[in-house]
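In what follows, a single structure is set out as structure tokens and then discussed.
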Amino acid sequence: MKQDVTKDLSEIVDIKKIEIVKKSITESHGLPNECYTDEEYTTIERKKIFEEKWSVIGVANSVPNPGDARPFDLFGIPLIILRDKKNQIKVFHNVCSHRGYKILQKPEKINNVIRCPYHSWAYDFDGNLVATPHIGGMNKNEAEGFDKSCNKLKEVRSYVWLDLIFVNISNNAESFEEYIKPLSDRWSKFWTKEDQKLIRHPKDHGYFQLKVKCNWKFAIENYCESYHLPWVHPGLNSYSKLSDHYHIESDLNRFAGQGTMVYDPKYKSSKKFPCFPNWPKKKKKFWGICGSFPKCNARNTQRSLLCLLAGTNKPCLHIRTYGSLLCWRRSCLFWQI
Ligand code: FES
Ligand SMILES: [Fe+2]
Numbered sequence: 005m006k007q008d009v010t011k012d013l014s015e016i017v018d019i020k021k022i023e024i025v026k027k028s029i030t031e032s033h034g035l036p037n038e039c040y041t042d043e044e045y046t047t048i049e050r051k052k053i054f055e056e057k058w059s060v061i062g063v064a065n066s067v068p069n070p071g072d073a074r075p076f077d078l079f080g081i082p083l084i085i086l087r088d089k090k091n092q093i094k095v096f097h098n099v100c101s102h103r104g105y106k107i108l109q110k111p112e113k114i115n116n117v118i119r120c121p122y123h124s125w126a127y128d129f130d131g132n133l134v135a136t137p138h139i140g141g142m143n144k145n146e147a148e149g150f151d152k153s154c155n156k157l158k159e160v161r162s163y164v165w166l167d168l169i170f171v172n173i174s175n176n177a178e179s180f181e182e183y184i185k186p187l188s189d190r191w192s193k194f195w196t197k198e199d200q201k202l203i204r205h206p207k208d209h210g211y212f213q214l215k216v217k218c219n220w221k222f223a224i225e226n227y228c229e230s231y232h233l234p235w236v237h238p239g240l241n242s243y244s245k246l247s248d249h250y251h252i253e254s255d256l257n258r259f260a261g262q263g264t265m266v267y268d269p270k271y272k273s274s275k276k277f278p279c280f281p282n283w284p285k286k287k288k289k290f291w292g293i294c295g296s297f298p299k300c301n302a303r304n305t306q307r308s309l310l311c312l313l314a315g316t317n318k319p320c321l322h323i324r325t326y327g328s329l330l331c332w333r334r335s336c337l338f339w340q341i
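Given below as structure tokens:
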């Protein structure tokens, strides 16, 4: 990827084509081609959206146990997702403070330290540099004037919400609570905070990938419209019709999506999935999907939560289902995308 972030957007895309996007529905059309195909546009996008805003990089469930760590590449920014011994998720730049080597090459179980494979510097779970073998010469592990505390692993600002891991690489965005408030307020009206704590990710059948040969925006935009339902999902359209859907868009431009109040799937079995206990009875048929963050859509119903994360570098959708503590095993089988 070219890294010329000094280029102005107007040098890459005809601004008039972008202005059209904001016009009324009768005059507007989608983003110009360059926004989906141009590498220089992607460089600006990476900085303005993925570094300077809150962005989802994965789910906490992908590192289920203390010591689990996995590398993640955010448009060329190498990161480490780690679950520490206190069960907290931490995100670090996957860059050694010595010579910048990529420390974690593949998912690993870390016992006590994250060790760089190049010169064996080692960092604890808080990113503190704790070992610098032979730094002062053979078998001398200290060097005069070298201060380990100045050479920590660089931690990235992160927050876990509904198991989604958000990062703000540039550390310049508003607080996460402030950022998520519009969506959190919307959802908490029918999905209480207590019920949200019940979500669990199943150990089986709860995750799959779809290979998609498209830019990440194209994949996410698909979940912000229901126009394709009659043709692509005639089964779904039989009980959740195109005409029943309404558009969701937040004032602060934080999320957008689709909702319906008449979602009433027909089950082949006589058994029904249990619901979240405090879901309001009057909103039982509510269904909402919100694409609020780069790369991520989250869909909730009275019975489950579904998260879709669009890969950035690799054309892939990561789909995870969550159910309540009471029903996760069956609800995970429910979704057929
Ligand atoms: S680059 Fe990591 S220890 Fe040298
Ligand atoms: Fe669809």
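Position in the sequence shown (first residue = 1) + 4 = our numbering.
Where a beta carbon is used, it is the ideal one built from N, C-alpha and C, also for glycine.
Computed from a predicted model, the values in this text were never measured in an experiment.
Asked	Found
Given 8 Å as the limit, is there contact between the stretch 40-55 and the stretch 148-166, that is, 3 or more CB pairs closer than that?	no
Here's a check: name, in chain order, each residue in its chain whose Cβ is nearer than 7 Å to the Cβ of C336, leaving out the five neighbours to either side.	Low local confidence applies: a pLDDT of 28 at C336 is under 50, so the model's placement there is unreliable, with the coordinate-based value given in what follows. Result list for C336: P206, H209, G210, T325 and G327, in chain order.
Are the stretch 143-152 and the stretch 161-172 touching, with three or more C-beta to C-beta distances below 8 Å?	no
Can you tell me which residues fall inside 5 Å of ligand 1, judged by beta-carbon distance to its nearest heavy atom, and keep chain order?	C100, H102, R103, Y105, C120, Y122, H123 and W125
Please confirm whether any heavy atom of ligand 2 lies closer than 7 Å to the CB of V216.	no
Secondary structure at C279, three-state DSSP: helix, strand or coil?	coil
What beta strand (DSSP E) runs, 3 residues minimum, are completely inside the stretch 201-285?	211-215, 249-253 and 260-264
Which residue or residues does DSSP assign as beta-bridge partners of F96?	I84 and E159
Could you give the DSSP three-state label for N65: helix, strand or coil?	helix
Please state if the CB of R87 and the CB of F72 are separated by a distance shorter than 8 Å.	The amino acid occupying residue 72 in the given sequence is Asp; Phe does not appear at that position. Taking 8 Å as the Cβ cut-off, D72 and R87 qualify as a contacting pair.
Go ahead and pull the three-state DSSP assignment for T41.	helix
CA-CA distance, G141 and G62?	41 Å
Just the Cα atoms here: how many angstroms apart are D12 and I19?	11 Å
In its own chain, which residues sit with a C-beta less than 8 Å from the C-beta of G16, not counting the 5 before and 5 after it?	Reading off the sequence, residue 16 comes out as Ile, not Gly. The answer, listed in chain order, is E38, D42, E44, Y45 and I48.
Kindly indicate which three-state DSSP category D189 falls into: helix, strand or coil?	helix
Measuring CB to CB, does Y105 end up less than 8 Å from Y122?	yes
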